[in-house]
Structure formats: structure tokens, C-alpha cells
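Accompanying notes for the structure given below.
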Amino acid sequence: MAHGLHPLEAFGERGRRQALAPGNEEHCMQCGQNRVSRERAVNERHLPGSEQAGARRIGGIHCWRIGESVPSTCSISHWIVPVACVFERGPRVRRPQAERSAGGIRLLAEVFAVRSGGATGVVVKGPEDRSPISFRMEDKGEVKCIKFSLGNRILAVQRAQRRVDFINLIQDYSQLEYSQECKTRNAHIMGFCWTSSTEIVFITDQGIEFYQVLPEKRTLKLLKSQSITVNWYMYCPESSVILVSTANHCNVLQPFYFKGGTVSKMTKFEIEFPVSTAKTIKISERDIAMATIYGQLYVLYLRHHAKSSSSAGAEVVLYHLPRDGSPKKMHILKLNRTGKFALNVVDNLVVVHHQDTESSFIYDILLRGESDGTVMIHHPVLPPRSIHPFNIPMAGPSVVAGPVPAPCKLYSSSWIVFQPDIIISASEGYLWYLRIKLQPVVNLLADKGRLMDFLLQRKDCKAVILSVCSQMLTEQDRASLPVIATVFDKLNSEYKKYLDAEQSYTMAMESGPGRSNAILKRPVRGQAVIDQSDMYTHVLSVFTDLKEPPHKFIIAVLMEYIRSLNQFQIPVQHYLYELVIKTLVQHNLFYMLHQFLQYHVLSDSKPLACLLLSLENVYPPAHQLSLDMLKRLSTANDEIIEVLLSKHQVLAALRFLRGIGGHDVASARKFLDAARQANDDALFYTVFRFFEQRNQRLRGNPTFTPGEHCEEHVTSFKELFGDQALLGAPIV
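Sequential numbering of the sequence shown, starting at 1, is according to UniProt numbering.
Here it is as C-alpha cells:
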């Protein structure tokens, strides 16, 4: 696998662990030990590892359940957040604390290292650049599972099959341990999950028990229990859903939803076995993952076909779990390979790692696939790519200054994968987050329309989208106009959605407070919203300054963007029209400018009219085009008068003023000033007489009031035409 273009990069955060393992194998690939059933801790603090002075690295590690202690011989001795080229792993990176749970508590990816049952210390350490949490607790036996509640208020420790111990970490509360046994007789606790800072669920082999922890009383209150045979389970803290496997073949899944002290039993569903597979196999937890994709909860099933099957390789089947209603098989991701796989979900993309080829496949269920009438079948969005190479600092000889970097083994058998985006290399002691690098994708997806569909759904996509728009206009990578039009339409479709949402929110707020408005949230402007200012600043204005593109192509691109805006009923900003006009003038295409204005290709606006006025010296008809535009606006009467007066067309200004009925309140001095500046005595006489007659009609007296400040013009009139010329002057 070539590493030239790496859209994947390794980095660090939350998840349920899943080892890279073949379809029906029950062992860790490296250590060969039976897998312990996995679970995802609510607060994501429970990844395998130990922190011990002088702890040695080992090549293999048991696939321990998240939340369990790890043998003291194991060490997660390095903490690094690398990140994917389309996958890549980078150096230590500071990353914000994961996503929020339903309760609004931040989730952290941290590891508990328990030594001597806690008597010699418990260290909680994660990828964040901050001091680890260290504490001691009494050694009461082997720690099977240990987890903080959300907010680090309470520590829960499982040492026995039927009991969980609790320690308060709240200031001024007793820190003496208190315990809770499961209520069901002869049941064994398989694990537990915190659903809030004071609510916890015990999952036993005979059902679930939902408790409220009362730290001040050092006791627990049973809220609800549910009897069901449990083969294995997993928890998705983002959606507060626990999924339990039941039935003989482990293929019947029952989800439970937890919120605000209540538990709801969702509709159970059955995982379909491959048609060619006899029902002698059981579905293992490692073949199942839960993840939130595009805001919807899905169960992902890694389905392996029998070797005798005609199906080409394994596939990932996605079942949608609605809060209300029945789960439904919605998508199938074709892998077209066999072997050992692992799943991650990164930025709403399903990433499938294949160990044999040391490559990863990216799937986007939002992109158009092939429908068989019931489900949508998807193939990888990109060619298979490998995670970006990464060097690990290794201890070298004393003569060497600093650690010696050594390449990290990618897709190692000691890798353990957690949902949604964590990879742990147990043998090397590294924890990574997986992330998608968007820039390499640009050269891997030739179809610009499909590329834009892909990019618009990604986080931090704006810079890459703008670079794609710029790139497709360059001489080297110039796209055809239909392709450019498709890209513009896709951008403006997202832009319009945001504008409509913003308008709906504004109207709802202006309508006054109401029950529906109380839960209405202001729409968030995401990275996918590329507005006119973005396009003008980063793409179009730069494009028009280039020397190599033919001017016809430049104008065609500008008009295509304006067409797209109009198609989505988005008001075009005047600076885009100005860019078109300047381009036309620069290439002396005045006939085209005249046609654009005459047929209203360029919408009327005051700034555009002012720009036309400035072009009068190079294109005289622009003056009249400007006046016509201002008149059509019907809100620019003052501007029209100012334009006419600036051209000494005083009588035309008076006729226009009288036509709109504004002559009774007009300032006489403004018009008299313009008439005097024209150095035309006849014009001055006519204008002066016009306002005298107005005064006579309105006040019964032709004289100007002191407030009109026309004394200077009255004096000039007398000097030019004599006192007898004044209207109403006595006849001698």
C-alpha cells in the first residue's frame, strides 16, 4: 500500500474496544487468549493499561473489557494523540474533551492503571496534556471493573461477581466504601454503566438493574429492573442506549434507552445471518458496534460469508435504531475482502480497517449508493488507503542525544479498536484518535460533484471546499462549465438551508414567546455554509485577477455563480455584480454590459447604479443606464435628484421632483445653488421663479422664509434682473 495520499491520521478519543479479529475467531490476534466481553464506559475513562514505575512493554495484551484492570506486566507507557491520511497519525496533539453525553457531561478517553488492587495506587491518565489523577484505595481483591461517574463525583469498583463498591469523591462527603449487590438471585454482574452523575446500570447475565446512587446516604435506590437473558452487551453514551444480546445464537438484540431516571425498552430486532450460513454460529460482540452517524443511532454488524458462498467477501450491515418504532436494516457496506477487520466511525464516516492488506476503507452512507429495493448498498468512497506512517521515539544509547525514532507497526495484531475513533497499540503503549484529512481526498475523487457531496458533510471543510473551487478554475485543472455549475449548486443548496433556518428562527423569535419557541435553538452556521462573501473573497475576486483565463470563461463563471444564487432564491450581493461589470469594462465588452442591464441579468441596486455613474467617462450611456436603474428602484429618488443636479440638469431634476410630488417640501436653496453653478442666467431665473410660485401657492406670499437661507440668491436675482422682476413687487 502506497503512502502517498493518506486521508487517515491517528489522533485520540472515546470508544468501545474492538480487536482486529477474523469473523468467527474468539481470541486476541496476538496473545491468543479468549476475549473478555467488552463494554464502553460512559465517561470513556477505561482503556486497558497500567502505570507503574519501570513497567516493561510486552508484545501482547489480553483483550480486557473497558473498565477492567490490566495485568501489572502490561503498560500503556506512552500517551500520544496521533491522527488519519486520509488517515494519518501525528505527533502529540492537544484535543478537546470528547463529545457530550445526553446529560451534557464531557466524556474523556482515559485509562485506569490499578496496582495491587489499588493499595499501592490507582493512576488515571489520558491523552490530554494535564496531570494524571492518582489515588489509593483498600485492596479488597482483584479489580474487575472500575469507572468514574460522569463528573468524577463517585468511583464505582467491581471486585466480585454480584457486588459493586462505591467511593464518594465529593468534598465533605464520607469516603467510606459502600456496596450494592445485584437484586436478581443467582445473577452475575457482567458489567455496569454510568448514565449520569448519580445513575448507574448493572448488566447481569439475567437482566439489567437501574439504580440511583445517593452519595449523601451512602446507599443506592433501585429505580427499575428488567429480566432478560444476556449473552453480552454494549453501551453507547452519546445516545444513552444499552444494547443486550439474547437468544441462543446471540442474534436477537434488545436496546434500552436511559434518560432522567427512566428507562425505556425499545423495539428488539434480529440480526440476519448470511443465507449460506447454517445457524450453528453465534454472533460475537466483536462483530457488533454501535455508533451515531449523521445524528441517528445505528448498529453495525460485521457479517462474514462462508468460504463456499458466492458472495465476494465480508460486509458491514447497518441497522437503524429509532427512538420510537422498529429497527430497520438500512445500509450494506461491501468490503469485497475476507480476513481480519475492525471498525471506527469518524466524522460520520464508517472506516473499516483490513489487517491483511494494511489498508482502510471509507464509507459515507449519505452518498448515493445502489438500492436493491430494501437497502442501500455502498462501496468505498475512496480507493483503499493506509494510515499515515508514524515514528515512535525509542530509547537509544547514552551517546545519542534524545530518543531515536522508530517506525510504528501499522495494523498490528496488538491493536485494539474502540468506538467511535480510538485505536490502542498495546505492544507499543500508544493511544490514538483517528481523524480524516480532507486535503488528500481532493486528488482521490475525480468526480467534483461527488467530491463536493463528500466534503460538505465533513467538519472543518470550508478551507478545503474553497481550495477545490479555486483549483477547478485554474488553467491546469480547469473544469467544464457544467461541472462548475454543479459545484455552485451544491454549495448554494447548503447556503439556502442555513438562510431558511435562520429566517425561521428570526420569525419565531419576533412572534413572541411561546411553548414551541422555548425549545427553539438558533441554527448553527457550520463549515459547510459557503456564503457569497466567502466565494467573493477567496475564489472569484482572485480568479478575475488571473491573467491566463480567457475573459469569456471568467464572465461565464461569474454569471454561473449568479445564476445558481438566483435559482435558490438567494439575493445576490451587489459586490458580485460589481465584479461582473468591472470584468466587462476591463475587456471593453460594453455591448454585453448594456445587454445585461437591459434584460435585467444584473439586478438593480443603488451601489450598482453608482458604479455605472462612475463609468460615464469610458462609456457615456452608463449615465442614463444608472438613472433608469435608480428610477426602477423607486426608493432612490434623492439619489436621482443628486445625480441630475451634479450634471447641472436642474430643470430635469425639477420635473422629476414634481413628478413624484416632492416639490412642495424640496429645499429651494439646493436647486438655486445648482442653477447658479451652471452659470446660466436664464436657468437661474426659471428656477427662482418656480420656487416663488410654489411659495405663493403654499403660503400666499412669494417671498422666501428666513429658514430657507435663500437671502444670497434673492440678492443675486435683484442684481441680475432688478427688484421689479420679483414676483409680487409693486409696479411703479
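Think of the CB as a built atom: it goes at the ideal place given N, C-alpha and C, for glycine as much as any other residue.
Own chain partners of residue i with C-beta closer than 6 Å, once the 5 adjacent residues on each side are dropped
i	result
residue 56	With a pLDDT of 25 at residue 56, under the threshold of 50, the modelled position of that residue is not reliable, and the figure given next carries that caveat. Excluding sequence neighbours, residue 56 sits near nothing in its chain.
residue 725	none
residue 487	448 and 452
residue 538	466
residue 376	331 and 369
residue 588	none
residue 491	530
Close beta carbons around residue i, own chain, < 7 Å, minus the five adjacent residues each side
i	result
residue 623	613 and 616
residue 116	139
residue 502	523
residue 668	691, 704, 708 and 710
residue 461	438, 455, 527 and 528
residue 479	448 and 472
residue 635	none
Distance between residue j and residue i (C-alpha atoms, nearest Å)
i	j	result
residue 409	residue 386	12 Å
residue 463	residue 141	54 Å
residue 652	residue 644	7 Å
residue 232	residue 282	12 Å
residue 371	residue 563	33 Å
residue 771	residue 626	The chain is shown only over 1 to 732; residue 771 falls outside these bounds and no answer can be derived.
residue 334	residue 124	39 Å
residue 9	residue 360	11 Å
residue 367	residue 597	40 Å
residue 631	residue 682	28 Å
residue 36	residue 392	Since pLDDT at residue 36 reaches only 32, below the 50 mark, its modelled position is unreliable, and the value read off the structure follows with that caveat. If I take the Cα positions, the gap works out to 29 Å.
residue 722	residue 678	20 Å
residue 378	residue 316	10 Å
residue 221	residue 260	14 Å
residue 546	residue 568	29 Å
residue 544	residue 594	20 Å
residue 303	residue 286	11 Å
residue 417	residue 424	6 Å
residue 575	residue 494	21 Å
residue 629	residue 586	22 Å
Cβ separation of residue i and residue j, assumed to be a contact under 8 Å, to the nearest whole Å
i	j	result
residue 288	residue 234	7 Å
residue 438	residue 456	About 11 Å; that fails the 8 Å criterion.
residue 256	residue 263	6 Å
residue 695	residue 706	Not a contact, Cβ separation roughly 13 Å.
residue 321	residue 300	That belief does not hold up - the Cβ atoms of residue 321 and residue 300 are roughly 11 Å apart, past 8 Å.
residue 292	residue 313	About 27 Å separates the two Cβ atoms, so there is no contact after all.
residue 158	residue 192	7 Å
residue 326	residue 267	5 Å
Three-way DSSP call (helix, strand, coil) for residue i in this model
i	result
residue 510	helix
residue 719	helix
residue 210	strand
residue 369	coil
residue 193	strand
residue 381	coil
residue 321	coil
residue 330	strand
residue 255	strand
residue 352	strand
residue 607	helix
residue 725	helix
residue 622	helix
residue 182	coil
residue 637	helix
residue 583	helix
residue 687	helix
residue 391	strand
Contacting residues, own chain, Cβ-Cβ under 8 Å from residue i (five flanking each side not counted)
i	result
residue 225	183, 184, 207, 208, 209 and 210
residue 740	Coverage of the chain is limited to positions 1 through 732, which leaves residue 740 absent and any answer about it impossible.
residue 559	580 and 601
Residue i and residue j closer than 9 Å at C-beta
i	j	result
residue 190	residue 170	no
residue 351	residue 445	no
residue 650	residue 675	yes
residue 498	residue 482	no
residue 218	residue 135	no
residue 608	residue 641	no
residue 241	residue 258	yes
residue 149	residue 200	yes
residue 570	residue 532	yes
residue 154	residue 168	yes
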